[in-house]
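Asks:
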Amino acid sequence: MTRIFLDREKITNDDLVAVARYNAVADFSSEGEARVEKTSALIRRWIAEKRVIYGITTGFGALCNVTIPEEDTQQLQNNIIMSHAAGVGNPLSEEVVRAIMALRIHDLSMGYSGCRMKTIRHMLAFLNNGVSPIIPEKGSVGSSGDLAPTAHLGLVLIGQGEAIYQGKRQPGGDILRQIGLEPLVLEGGEGLALINGTQVMTAIGVLVVNDAIQLSKTADIACAMSLEVLMGSNSEFDPRIHQIRPHPGQIATADNILKLIAESEIIESHRGCARVQDAYTLRCAPQIHGASKDAVAHAKRVIDIEINSTTTNPLIFSDTEEVRLGGNFHGQPVAMAADYLSMGIAELGSVSERRVERLVNPQLSDLPAFLVKNSGLNSGYMIAQYVAAALVSENKVLAHPACVDSIPTSANKEDHVSMGTIGIRQSREVLGNVENVVAIELLCAAQAYDLITEKKPMKGGLGTRVAYGVIRSHVPYLESDRDLSRDIETMVKVLRSGEILAAVEKAIGPISGS
Numbered sequence: 000m001t002r003i004f005l006d007r008e009k010i011t012n013d014d015l016v017a018v019a020r021y022n023a024v025a026d027f028s029s030e031g032e033a034r035v036e037k038t039s040a041l042i043r044r045w046i047a048e049k050r051v052i053y054g055i056t057t058g059f060g061a062l063c064n065v066t067i068p069e070e071d072t073q074q075l076q077n078n079i080i081m082s083h084a085a086g087v088g089n090p091l092s093e094e095v096v097r098a099i100m101a102l103r104i105h106d107l108s109m110g111y112s113g114c115r116m117k118t119i120r121h122m123l124a125f126l127n128n129g130v131s132p133i134i135p136e137k138g139s140v141g142s143s144g145d146l147a148p149t150a151h152l153g154l155v156l157i158g159q160g161e162a163i164y165q166g167k168r169q170p171g172g173d174i175l176r177q178i179g180l181e182p183l184v185l186e187g188g189e190g191l192a193l194i195n196g197t198q199v200m201t202a203i204g205v206l207v208v209n210d211a212i213q214l215s216k217t218a219d220i221a222c223a224m225s226l227e228v229l230m231g232s233n234s235e236f237d238p239r240i241h242q243i244r245p246h247p248g249q250i251a252t253a254d255n256i257l258k259l260i261a262e263s264e265i266i267e268s269h270r271g272c273a274r275v276q277d278a279y280t281l282r283c284a285p286q287i288h289g290a291s292k293d294a295v296a297h298a299k300r301v302i303d304i305e306i307n308s309t310t311t312n313p314l315i316f317s318d319t320e321e322v323r324l325g326g327n328f329h330g331q332p333v334a335m336a337a338d339y340l341s342m343g344i345a346e347l348g349s350v351s352e353r354r355v356e357r358l359v360n361p362q363l364s365d366l367p368a369f370l371v372k373n374s375g376l377n378s379g380y381m382i383a384q385y386v387a388a389a390l391v392s393e394n395k396v397l398a399h400p401a402c403v404d405s406i407p408t409s410a411n412k413e414d415h416v417s418m419g420t421i422g423i424r425q426s427r428e429v430l431g432n433v434e435n436v437v438a439i440e441l442l443c444a445a446q447a448y449d450l451i452t453e454k455k456p457m458k459g460g461l462g463t464r465v466a467y468g469v470i471r472s473h474v475p476y477l478e479s480d481r482d483l484s485r486d487i488e489t490m491v492k493v494l495r496s497g498e499i500l501a502a503v504e505k506a507i508g509p510i511s512g513s
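Going by numbering that gives the first Met the number 0, 110 is the number at position 111 of the sequence shown; the sequence numbering is gapless.
This is how it looks when you write it as structure tokens:
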């Protein structure tokens with residue numbers, strides 16, 4: 000089984016996906032342990048020396064001027080977990096919670112927080128025993144970090160709250176006993192260190208970016224299939240066009256589509272026809288899809304930096320025995336990237352839906368109305384286009400930037416917040432909607448393939464013919480009306496699994512996501 004050392008100086012998006020989604024073993028090196036214990040020992044010494052250190056021997060936020068006596072410092076850290084666990088809404092998915100824990104461990108492993116190894120080992124045990132704390136998805140303003148959600152992780156560590164274990168939702172204390180652990184009694188600074196960071200927005204961002212890259216590649220496959228069956232031209236993908244406007248995503252998209260439609264008998268069948276130019280949704284696919292790829296690539300760059308950042312406060316620099324108070328917990332970098340990410344993904348859905356409309360509209364496609372024989376008696380893919388339109392319209396609301404809003408908190412001590420967790424949750428919703436839209440385009444394009452090749456047997460491109468085969472291995476040709484929601488659901492599962500992309504890449508080589 001894959002083993003990921005979470006105390007490495009640099010971990011990757013792929014490392015986190017392996018732990019979060021595929022249950023890779025989370026591990027920790029002796030070097031990391033030494034780094035953590037060095038700072039933890041320093042904190043204990045400072046408490047004994049009665050130093051005044053924010054969040055360790057003082058209150059929090061607007062209460063930072065309240066000094067806490069040494070005998071109450073443990074209670075202070077446990078209190079912050081209980082008081083801040085005020086989240087509401089549905090629980091975050093288990094894979095998101097696993098990503099949160101992995102990110103929290105990595106942050107603490109850098110040795111800037113003063114957290115003990117005992118606390119980190121509890122979280123490692125959660126990951127490796129399949130314990131997933133119940134963390135409500137709503138309640139973070141994205142500064143000081145994701146306080147409310149991560150406090151719910153802390154609850155389970157101290158034997159409170161609830162978690163999923165062995166498929167059942169159970170009290171945190173019961174689960175600790177089952178896996179052989181005692182509830183933690185948090186010590187100097189640990190409560191604050193557990194909750195003060197951007198790990199929730201970053202965890203969601205890791206998974207959304209990972210899936211958005213796959214979606215952007217699959218959207219190119221859907222576009223290439225639509226291009227063929229709408230009798231589009233391959234000339235607009237000539238590399239020379241894109242080399243003189245060299246946006247990376249644009250170049251990648253044009254190259255992808257050319258590879259997908261290579262040796263297409265359908266494209267060749269109408270070469271030299273009277274049509275002068277294709278519609279923008281086909282001709283400008285490199286520019287539109289490419290801009291979305293660039294948005295996803297930017298979000299990935301930001302998330303990759305955040306993955307390997309320390310976002311707690313205060314920061315302990317053990318080599319010089321100094322404390323610095325800063326604002327690394329502020330989620331603005333991730334917040335702005337999340338909003339841009341939502342826009343980029345949403346546009347993939349917007350252009351995909353317009354291609355669906357061209358496919359089902361006989362005036363635009365020269366195909367049977369709504370891609371079904373005996374239309375009138377049968378409605379075919381009529382309402383599938385409605386669904387795509389509804390999802391695209393919903394995304395126009397969800398893609399509204401969250402980061403441009405700010406509501407002061409903590410008696411105006413925290414007078415600007417990022418709303419980054421709201422923004423990245425919106426990105427996740429947008430992603431799910433666009434996956435459905437692209438799935439509908441794949442279904443419609445495959446149906447059009449059948450209608451065209453029934454009249455005249457022809458092969459699609461080297462890539463598109465493979466994609467068609469995968470689609471038809473899961474969803475049959477629509478001879479007459481049936482429940483389309485099941486077909487769409489099936490195609491979304493196939494899309495998310497990466498089966499189409501893997502089969503196509505096996506046939507024609509890598510499809511570029513950026």
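C-beta: ideal position from N, C-alpha, C; glycine also.
Answer yes if the stretch 122-130 comes into contact with the stretch 324-334, meaning at least three C-beta pairs across the two stretches below 8 Å, and no otherwise.
Replies: Cβ pair count under 8 Å is below three, so no.
Asks: Let me know if Lys292 comes out buried or exposed under the rule of 16 or more other beta-carbons within 10 Å of its beta-carbon.
Replies: Buried, because 16 or more other Cβ atoms sit within 10 Å of the Cβ of Lys292.
Asks: Relative to the alpha-carbon of Arg2, which residue among Ala23, Arg44, Asp13, Lys37 has its alpha-carbon at the smallest distance?
Replies: Ala23
Asks: Skipping 5 residues on each side, what residues in its chain have a beta carbon closer than 8 Å to that of Asn12?
Replies: Val205, Val208, Asn209, Lys299, Ile302, Asp303, Ile306
Asks: Keeping to the same chain, check which residues put their C-beta closer than 7 Å to that of Ser417; ignore five residues upstream and five downstream.
Replies: Residues of the same chain with a CB within less than 7 Å of the CB of Ser417, apart from the 5 flanking positions on each side, are Gly141, Ser142, His329, Gly330, Gln331, Ala334, Cys402 in chain order.
Asks: Threshold first: 4 residues or longer. Then list the alpha helix (DSSP H) segments lying entirely within the stretch 392-474, N to C.
Replies: Whole alpha helix (DSSP H) segments, 4+ residues: 419-454, 463-473.
Asks: Below 8 Å on the Cβ atoms is my contact criterion, and I expect Gly462 with Ile212 to pass it. Report the Cβ-Cβ distance as a whole number of Å.
Replies: In this structure Gly462 is not in contact with Ile212, their Cβ atoms being roughly 18 Å apart against a cut-off of 8 Å.
Asks: Secondary structure at Asp237, three-state DSSP: helix, strand or coil?
Replies: coil
Asks: Would you mind working out which of Leu183, Leu107, Asp173 sits nearest Ile194, comparing C-alpha positions?
Replies: Of the candidates Leu183, Leu107, Asp173, Leu107 places its Cα closest to the Cα of Ile194.
Asks: Distance, Cα to Cα, Ala345 vs Ala25?
Replies: Spanning the alpha carbons of Ala345 and Ala25 requires a straight line of approximately 34 Å.
Asks: Check for me: the beta strand (DSSP E) holding Leu314 runs from which residue to which?
Replies: If you look at Leu314, you'll find it in the beta strand (DSSP E) that goes 314-316.
Asks: Return the residue from the list Asp145, Leu154, Glu93 that minimises the CA-CA distance to Val130.
Replies: Comparing Cα-Cα distances from Val130 to each of Asp145, Leu154, Glu93, the minimum goes to Glu93.
Asks: Any idea what DSSP makes of Asn377, helix, strand or coil?
Replies: If DSSP states are grouped into helix, strand and coil, Asn377 belongs with the strands.
Asks: Around the Cβ of Ser28, are there at least 16 other Cβ atoms within 10 angstroms (buried) or fewer (exposed)?
Replies: exposed
Asks: Given Leu14, which residues of its chain have a CB within under 6 Å of its CB, disregarding the five upstream and five downstream residues?
Replies: First, the residue type needs correcting, since residue 14 is Asp and not Leu in the sequence shown. Within the same chain, Cβ atoms closer than 6 Å to the Cβ of Asp14 are found at Ile3, the five residues on either side in sequence being excluded.
Asks: Taking the alpha-carbon of Asn377 as reference, which of Ala253, Asp482, Gly459 has the nearest alpha-carbon?
Replies: Asp482
Asks: Straight-line CA distance for Leu494 to Ile240?
Replies: 30 Å
Asks: For Ile374, collect the residues of the same chain with a Cβ closer than 8 Å to its Cβ; drop the 5 residues on either side in sequence, then sort them by chain order.
Replies: In the sequence as displayed, the identity of residue 374 is Ser instead of Ile. Excluding residues within five positions, the ones whose Cβ falls inside 8 Å are Pro367, Ala368.
Asks: By a C-beta neighbour count over all protein chains shown, 10 Å radius and 16 as the cutoff for buried, is Ile80 buried or exposed?
Replies: If you draw a 10 Å sphere on the C-beta of Ile80, you find 16 or more other C-beta atoms in it, and that means buried.
Asks: Would Arg354 and Cys222 qualify as a contact pair, given that the criterion is a beta-carbon distance under 8 Å?
Replies: yes
Asks: To the nearest angstrom, report how far apart Pro135 and Val16 are at their CA atoms.
Replies: 21 Å
Asks: Assess, as a yes-or-no matter, whether the stretch 460-476 is touched by the stretch 427-437 under the definition of 3 or more beta carbon pairs within less than 8 Å.
Replies: no
Asks: Using a threshold of 8 Å, state whether the C-beta atoms of Gly188 and Ile42 are closer than that.
Replies: yes
Asks: Any contact between the stretch 419-426 and the stretch 337-344? By contact I mean 3 or more CB pairs, one from each, below 8 Å.
Replies: yes
Asks: How should Ile55 be labelled, buried or exposed, when 16 other C-beta atoms within 10 angstroms of its C-beta is the threshold for buried?
Replies: buried
Asks: Just tell me which of Leu5, Gly58, Val51 has its CA closest to the CA of Glu32.
Replies: Leu5
Asks: Excluding the 5 residues flanking Asp414 on each side, which residues of the same chain have their C-beta closer than 6 Å to its C-beta?
Replies: Counting only Cβ-Cβ distances below 6 Å, and skipping sequence neighbours, we find Pro407.
Asks: Check whether the stretch 153-162 touches the stretch 170-189, counting contact only when three or more Cβ pairs, one atom from each stretch, lie closer than 8 Å.
Replies: yes
Asks: Applying the criterion that 16 or more other CB atoms from any shown protein chain within 10 Å of the CB defines a buried residue, is Leu363 buried or exposed?
Replies: exposed
Asks: The ligand GTP and Arg115: does the residue's C-beta get closer than 7 Å to at least one heavy atom of that ligand?
Replies: Ligands are entirely absent from the displayed structure, and the ligand GTP is therefore not among its contents.
Asks: Which of helix, strand or coil does DSSP assign to Met9?
Replies: The sequence given here has Lys at residue 9, not Met. It is coil, neither helix nor strand.
Asks: Hey, Asn77 and Gly190 are a contact pair by Cβ (cut 8 Å); roughly how many whole angstroms apart?
Replies: 6 Å
Asks: The alpha helix (DSSP H) that contains Ala162, what's its start and end?
Replies: Unbroken run through Ala162 is the beta strand (DSSP E), 161-164; no alpha helix (DSSP H).
Asks: Give a yes or no on whether 8 Å exceeds the smallest Cβ distance from Val396 to chain B.
Replies: Looking at the structure shown, chain B is missing, and only one protein chain is on hand.
Asks: Report yes if the C-beta distance between Ala466 and Met224 is below 8 Å; otherwise report no.
Replies: yes
Asks: Which residue from Ala47, Ile174, Met457 puts its Cα closest to that of Ser268?
Replies: The shortest C-alpha separation from Ser268 is found at Met457.
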